[in-house]
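**Student:** Under numbering that gives the first Met the number 0, residue 327 is the last one in the sequence shown; the count climbs by one each step, no gaps. Just so you know, even glycine gets a beta-carbon here, dropped at the ideal spot from N, CA and C.
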Amino acid sequence: MRFLPVLLAMLLSTAAGAAPAAAGIDPGVLDHVLLWGRGIDQVSAVMAVKLGFQVVPGRNPGGVANRYVRMADGSYIELLGITRPDAQMDPGMLVDQASLHGAPGSRSFGLRTSTLDVRRTQLAARGLSPTPVFSAAANDPDGDGAGHPPRWRLFAFTTPPLSSTLFFIDYAVLEPTPARVAATRAAHVHPNGARSITAFWLLSANAEAERDRLARMGFTASTPMRFPQVGARGYCVAVGDKQLLALQPDGTGMAADALRAGGPQVFGVSVAVDDLAAARHRVARGYETTLETYDGPAGRAFLAPTGDDLGMLVEFHAPSSHAACAAR
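Written out as structure tokens, the structure reads:
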């Protein structure tokens, strides 16, 4: 999925307060993060060879290519890379690159909602500043063409409510052609056994402020947490049966280093896998190192050493019976 220029051209807001989601409104579920690599082949190779994900093709309009790591539940990671010196970047891409200075990393994430227009109205009524709703072009090569609903619709915020860029998105139900069904089925098969992305980690200097801003958007269920493996503390905020981890540094460690080097960011993602031992063996071979397991926010897990390669951490964990943001 490619985004319109307004999506990422945003700055940090100071919104606060709380209110529950209104009846009949789907507040949103985790959809995807946008992950820039040093180049599209570099980030694809890390995801496929070192981490064992299936990476599927995207497009390359204007010199910024994208590829995907897709999960069966609809969550995914969109990989981005600049493919030529004169790449045509929209203002949001320029903002990302100004923050990243050519390094890999993520500054943006999306939540999927089935009630996009109603959700936008709700957030505007709470004093936030959603953009108009933008849609994929009628000639989108991955859509069903003119006369059919656009493949995706989204809105972002002119004054972002969080330290990382947030947008809400919905997708059309596309015609299930044999080729499309086969491609979708194949995309969901990951050599590392990945099943779903279960958490996005949002790193800032003030986790409590992030929690309060999420509560204002209707995500009111949160639990204090510590994440010593990355040197962070903050809040686990429930988004359906998954989580947003609003984190800040807790002394020295990876979180403090990342915030000092890159400012607010999507610091990591959690991925549920079928067989934790098999996934750990595969990633350990990819990085030619030993990886230890630990009891983390999602249960038994291990952390892939992706900070230098991706500018974002990837945690793998066993399928868990935790309720979202249960007491840790």
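Need the endpoints of the alpha helix (DSSP H) that H316 sits in, please.
**Tutor:** Position 317 of the sequence shown, counting from 1, holds the residue named residue 316. Careful: H316 lies outside any alpha helix (DSSP H), inside the beta strand (DSSP E) at L312 to H316.
**Student:** If you follow the beta strand (DSSP E) that S128 is in, where does it begin and where does it stop?
**Tutor:** As a working mapping, residue 128 is identified with position 129 in the sequence shown. Element bounds for S128: n/a, residue is neither H nor E.
**Student:** If contacts are defined as beta-carbon pairs under 8 Å, then R279 and T292 qualify, I think. What distance do you get, rounded to the angstrom?
**Tutor:** Working through the sequence shown from its first residue, we reach residue 279 at position 280. Working through the sequence shown from its first residue, we reach residue 292 at position 293. Contact holds; Cβ gap of about 7 Å.
**Student:** Look at the alpha carbon of S128 and the alpha carbon of T158, and state the distance between them as a whole number of angstroms.
**Tutor:** Within the sequence shown, numbered from 1, the residue matching residue 128 stands at position 129. Within the sequence shown, numbered from 1, the residue matching residue 158 stands at position 159. Just so you know, the alpha carbons of S128 and T158 end up roughly 6 Å apart.
**Student:** Provide the residue span of the beta strand (DSSP E) that contains T197, from first to last.
**Tutor:** Indexing the sequence shown from 1 puts residue 197 at position 198. Start and end: A193 to L202.
**Student:** Name the DSSP beta bridge partners of C324, please?
**Tutor:** If you number the sequence shown from 1, residue 324 lands on position 325. C324 pairs with nothing; no bridge assigned.
**Student:** With R215 as the anchor, note down where its alpha helix (DSSP H) starts and where it stops.
**Tutor:** Within the sequence shown, the letter at position 216 stands for residue 215. Residues A206 to R215.
**Student:** Would you tell me roughly how many angstroms separate the C-alpha atoms of A137 and R152, rounded to the nearest one?
**Tutor:** By 1-based counting over the sequence shown, the position of residue 137 is 138. By 1-based counting over the sequence shown, the position of residue 152 is 153. In a straight line, the C-alpha of A137 is about 12 Å away from that of R152.
**Student:** Can you tell me which residues form a DSSP beta bridge with I394?
**Tutor:** Any answer about residue 394 is impossible in this case: the structure gives the chain only from 0 up to 327.
**Student:** Thinking C-alpha only, which one of S163, P26, L33 and H189 is nearest A204?
**Tutor:** Position 205 of the sequence shown, counted from the first residue, corresponds to residue 204. When each option's Cα is compared against that of A204, the closest is S163.
**Student:** Report, in whole angstroms, the separation of the C-beta atoms of V28 and L110, which I expect to be a contact under 8 Å.
**Tutor:** Residue numbering aside, residue 28 sits at position 29 when the sequence shown is read from its first letter. Residue numbering aside, residue 110 sits at position 111 when the sequence shown is read from its first letter. So it is a contact: roughly 7 Å between Cβ atoms.
**Student:** CA-CA distance, R299 and A145?
**Tutor:** Counting from 1 along the sequence shown, the entry for residue 299 is found at position 300. Counting from 1 along the sequence shown, the entry for residue 145 is found at position 146. Those two C-alpha atoms are separated by around 48 Å.
**Student:** Report the three-state DSSP secondary structure of M70 (helix, strand or coil).
**Tutor:** Residue numbering aside, residue 70 sits at position 71 when the sequence shown is read from its first letter. It is coil, neither helix nor strand.
**Student:** What did DSSP end up calling Q330 once you bin it into helix, strand or coil?
**Tutor:** Missing from the structure shown is residue 330; the chain here goes from 0 to 327 and no further.
**Student:** I need the straight-line Cα distance from G36 to Y286, nearest angstrom please.
**Tutor:** For the purposes of this step, residue 36 is taken as the residue at position 37 of the sequence shown. For the purposes of this step, residue 286 is taken as the residue at position 287 of the sequence shown. Distance between the alpha carbons of G36 and Y286 is about 18 Å.
**Student:** Taking one C-beta from the region 219-227 and one from the region 188-199 each time, how about it: are there three or more such pairs within less than 8 Å?
**Tutor:** no
**Student:** Can you tell me the Cα-Cα spacing of V282 and S105, whole angstroms?
**Tutor:** To locate residue 282, count along the sequence shown from 1; it is residue 283. To locate residue 105, count along the sequence shown from 1; it is residue 106. Those two C-alpha atoms are separated by around 21 Å.
**Student:** Can you tell me whether S98 is helix, strand or coil according to DSSP?
**Tutor:** Mapped onto the sequence shown, residue 98 falls at position 99. Looking at S98 - three-state DSSP - the assignment turns out to be helix.
**Student:** Quick one: Cα of P248 to Cα of A71, how far?
**Tutor:** Locating residue 248 in the sequence shown gives position 249, where the first residue counts as 1. Locating residue 71 in the sequence shown gives position 72, where the first residue counts as 1. Rounded to whole angstroms, P248 to A71 spans 33 Å at the Cα level.
**Student:** Name the residue from G262, P227, Y234 and L246 whose alpha carbon lies nearest to the alpha carbon of G252.
**Tutor:** Within the sequence shown, the letter at position 253 stands for residue 252. Closest by alpha carbon: P227.
**Student:** What is the rounded straight-line gap between the Cα of A123 and the Cα of F156?
**Tutor:** Locating residue 123 in the sequence shown gives position 124, counting from the first residue. Locating residue 156 in the sequence shown gives position 157, counting from the first residue. For A123 and F156, the distance between alpha carbons rounds to 10 Å.
**Student:** Measure the alpha-carbon distance for A135 versus F166 and round it to whole angstroms.
**Tutor:** The count along the sequence shown starts at 1 and reaches residue 135 at position 136. The count along the sequence shown starts at 1 and reaches residue 166 at position 167. Computed Cα separation, rounded: 15 Å.
**Student:** Nearest to D308 by alpha carbon, out of I24, V32 and V42?
**Tutor:** Working through the sequence shown from its first residue, we reach residue 308 at position 309. Among I24, V32 and V42, the Cα nearest to that of D308 belongs to V42.
**Student:** For the beta strand (DSSP E) holding G285, just list the boundary residues, first then last.
**Tutor:** By 1-based counting over the sequence shown, the position of residue 285 is 286. Unbroken run through G285 is the alpha helix (DSSP H), L275 to Y286; no beta strand (DSSP E).
**Student:** Say whether chain D places a C-beta atom closer than 8 Å to the C-beta of I76.
**Tutor:** Structure shown: chain D not included; a single protein chain is present.
**Student:** Curious, which full-length beta strand (DSSP E) runs of at least 3 residues does the region 223-308 contain?
**Tutor:** 231-238, 241-248, 264-272, 292-295 and 298-303
**Student:** How is L149 classed by DSSP in three states: helix, strand or coil?
**Tutor:** Here residue 149 refers to the residue found at position 150 of the sequence shown. According to the sequence shown, residue 149 is Pro rather than Leu. Coil.
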